[in-house]
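The sequence shown begins at 44 in this note's numbering and counts up by one. Glycine included, C-beta positions come from ideal geometry on N, C-alpha and C. Some notes on the structure that comes next.
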Amino acid sequence: MLMNKTDKIYVAGHRGMVGSAIVRKLKAEGFNNIIYRTSAELDLRKQEAVNIFFAAESPDYVFLAAAKVGGIQANNAYRADFLYENLMIEANIIHASYVNKVNKLLFLGSSCIYPKMAPQPLKEEYLLTDTLEYTNEPYAIAKIAGIKMCENYRKQYGCNFISAMPTNLYGPNDNYDLNTSHVLPALLRKFHSAKVEGADTVEIWGSGSPKREFLHVDDSAEACYVLMQEYDGEEWFNIGTGEDISIKDLALTIKDVVGFEGELKFDANKPDGTPRKLLDVSKLHAVGWKHKIELRNGIKEVYNEVKNMDFELLG
Ligand code: GFB
């Protein structure tokens, strides 16, 4: 189903890293009838408010990029909030999209939906074959519920709702709060501060041995756009590069980009999380998408954007 340039498109989560990249992509493609609300204007956890918004605006297309997100520590500490808030946001938006006859909806999940010890690379069909990683089980359960809502609203009501599962993302509008952020922005901030302050070491959480796959959020937005324009089926798609790197090697890359000359210090009291979660991206490659931004170039670009900013304000 192709979106027309005048169709009304609602991007939920437009201020976040993922939603803001989708808005940039849509604008670059010439879509100008994009609507959004800040969380102060519309609390997506409140069903009545979401219903009133959808009835009044009646969007044609919905990108569901609103979520409570965070790194390993935030997921582990705010377990109830990650489960409750994400379930409410998804349930409210997906149901209102059905009631208000939205043409098509794209729901965004995460690669942490797959079992902790699943074979690598992770194929879409490995979902629900084994136990999840403990640190992010609540978030993963909420995201699995979102996939299942899309699948079953399609089955029962014929709704054209699709899902996509991006790997670990980074890029503009990331979160730099060291307690709640993901590893890549955290390490950019830590190495930058250490360089400026002339520190000898930078602390890296865990053992450094877990492997992660990192995708620039602009590549992810491009994949979301391709799926919205070209895919109308029941299956969901992994979004990633198909390549991963150990946390230690990521740290060494960031150290080099930033120009920090001291040592890495690993803190074994912090959790490693899942040992590896490399996505199999062959399904998405078959639709014609492939990532364009290589990790080192992406890190350089982000570092150039943030290095002169106050990290406290980026948090
Ligand atoms: O990015 P991250 O927080 O999330 O951590 P996950 C990835 C790895 O980097 C873990 C290590 O092994 C961390 O221990 N790490 C090293 C650090 N230093 C740091 C640091 O300073 N900050 C952080 N945050 N990590 C999240 C899930 O898992 O990934 C979410 O909890 C979601 O649900 C997201 O799926 C994409 O990759 O472990």
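- The set of residues with a C-beta under 5 angstroms from any non-hydrogen atom of the ligand GFB comprises Gly114, Ile115, Asn118, Ser153, Cys155, Asn179, Tyr182, Asn211, His225, Val226, Ala229, Ile247, Trp248, Gly249, Pro253, Ile290, Asp315, Gly316, given in chain order.
- Counting along the chain, His235 sits inside the alpha helix (DSSP H) bounded by residues 226–240.
- Distance from Ala207 to Leu151 at the Cβ level is roughly 6 angstroms; contact confirmed, criterion being Cβ atoms closer than 8 angstroms.
- Straight-line spacing of the CA atoms in Gly251 and Gly56 works out to 32 angstroms.
- Between Lys159 and Asp103, the C-beta spacing is not below 7 angstroms.
- Residues Leu165, Tyr169 of the same chain have their beta carbon placed closer than 6 angstroms to that of Tyr157, with the five preceding and five following residues left out of the count.
- Sequence-distant Cβ neighbours of Lys313 in its own chain, meaning closer than 6 angstroms and more than five residues away, are Trp248, Gly249.
- Here the alpha carbons of Lys191 and Val93 stand approximately 20 angstroms from one another.
- A check of alpha carbon separations from Arg319 across Ala294, Glu286, Ser325, Glu84 identifies Glu286 as the nearest.
- CA-CA distance, Val301 to Gly283, rounds to 25 angstroms.
- For Val345 and Ile136, the gap between their C-alpha atoms comes out near 31 angstroms.
- If the five residues before and after Tyr268 are omitted, its C-beta is found closer than 8 angstroms to the C-beta atoms of Ile65, Lys68, Leu69, Glu72, all from its own chain and listed in chain order.
- In the displayed model, Val145 falls within coil according to three-state DSSP, outside both helix and strand.
- Inter-residue distance for Ile290 and Glu100 is about 44 angstroms (C-alpha atoms, whole angstroms).
- With a cutoff of 7 angstroms on beta-carbon distance, Ile115 and Gly316 are scored as near each other.
- Runs of the alpha helix (DSSP H) lying entirely within the segment 268–331, each at least 4 residues long, are 290–301, 325–329 in chain order.
- Spanning the alpha carbons of Ile205 and Glu278 requires a straight line of approximately 7 angstroms.
- Restricting attention to Phe125, Thr49, Glu176, Ile297, the CA atom closest to the CA of Asn347 is found in Ile297.
- Per the coordinates, the alpha-carbon of Ala110 lies some 8 angstroms from the alpha-carbon of Glu128.
- Residue state for Phe354 is assigned as helix, using DSSP reduced to three classes.
- In this structure, Leu321 and Glu256 form a Cβ contact; the two beta carbons are roughly 5 angstroms apart against a cut-off of 8 angstroms.
- Contact between Pro215 and Met60 holds, since their C-beta atoms are separated by about 7 angstroms, short of 8 angstroms.
- In this structure, the CA atom of Glu240 is about 21 angstroms from the CA atom of Val226.
- Secondary structure of Ala108 (DSSP, three-state): coil.
- For Ala64, the enclosing alpha helix (DSSP H) covers residues 60–71.
- Checking the DSSP bridge columns, you'll see Phe257 partnered with Asn211.
- The three-state secondary structure of Phe204, taken from DSSP, is strand.
- If you check the CB distance, Thr210 and Glu306 do not come in under 7 angstroms.
- With contacts defined as CB atoms closer than 7 angstroms, Arg122 and Pro181 qualify as a contacting pair.
- At the C-beta level, Val105 and Ser140 come within 7 angstroms of one another.
- Counting only the Cα atoms, Arg58 lies some 31 angstroms from Leu171.
- Between Tyr219 and Phe354, the CB-CB gap stays under 7 angstroms.
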